[in-house]
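Numbering (the working numbering), first residue to last: 155 to 446.
We put the CB at the ideal spot given by N, CA and C, even for glycine.
Just below is one structure, and these are the notes that go with it.
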């Protein structure tokens, strides 16, 4: 389980967990009922993994990230409505303030302070607490891990039945996962970040909860590498810079084109993940406009 994984530095086990992310997502998706809107976890997760610092984080994007959070984790019926109650202007203002702080990450000794400040900026919005704010910020920088239930439960001394969604708790997650990514980077040739550490921990715990083995084969690992598995992080994603600040609201074409190349590179992976979650239907998935 995740607690055991976090306590160790076995690179092989950590890689196995990270490369098992797709298996965990498809397995979890199979346990979820599709909403009336037709939103599917596999498609939504693939879409989220294409987001980066250059994405236009307007109200529609923020709402979609919240939908992802609810499907990937614990569903809270009133959360989405509260987030949707925020005005377009207030979301734009909060996002801009958060990005201002993230711009300093990677060039300052106070990276954690900047990340926490960004978290606080987003938490000014209705329905946005530390966990939801981290889901949004994790799209912008791999230095920001998502505050998932599985990660909170993996922390030493934490009772999985008494999870706390506080800024203090997030600070512990940030410090712990940053330290772990640093340790793994010293022992592994593959790049690790706090965000990829979170994904590995999440995968480990979800598969355990579903009674599935973390049996990712060497062939699957190599396939993931060659297919451009976007659940992995690279050094170029670790920090924001002035050239990656999203365009102002209204100039959607710039932000759309910035993610099109990523979107095309994961079409094959998306079809495979959806097929895995629907074994009876092996026909190519026709993606609707909402997922483009």
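Report task. To the nearest angstrom, report how far apart residue 247 and residue 290 are at their CA atoms. Result -> Roughly 14 Å between the two C-alpha positions.
Report task. Measure the C-alpha to C-alpha separation of residue 367 and residue 242 and round it to an integer number of angstroms. Result -> 44 Å
Requested in this report: Return the residue from the list 268, 249, 251 and 250 that minimises the CA-CA distance to residue 258.
Outcome: 268
Query raised in the report: Would a C-beta distance cut-off of 8 Å place residue 177 and residue 355 closer than the cut-off?
Result: no
Query raised in the report: Just checking, does the stretch 207-216 make contact with the stretch 162-172 on the three C-beta pairs under 8 Å criterion?
Result: no
Query raised in the report: Do you know offhand how far residue 233's Cα is from residue 220's?
Result: 8 Å
Query raised in the report: Are there 16 or more other CB atoms within 10 angstroms of the CB of residue 264, so buried, or fewer, so exposed?
Result: exposed
**Report entry** Selected residue, minimal CA-CA separation from residue 322, among 358, 236, 218 and 273
**Finding:** 273
Report task. May I ask you to report which of helix, strand or coil DSSP gives residue 304? Result -> Under the three-state reduction of DSSP, residue 304 is assigned to helix.
Query raised in the report: For residue 177, does the three-state DSSP call read helix, strand or coil?
Result: helix
Query - Rounded straight-line distance, which links the Cα of residue 309 to that of residue 157 - result: 7 Å
Query raised in the report: Where do the ends of the alpha helix (DSSP H) carrying residue 215 lie?
Result: Residue 215 -> alpha helix (DSSP H) spans 213-226.
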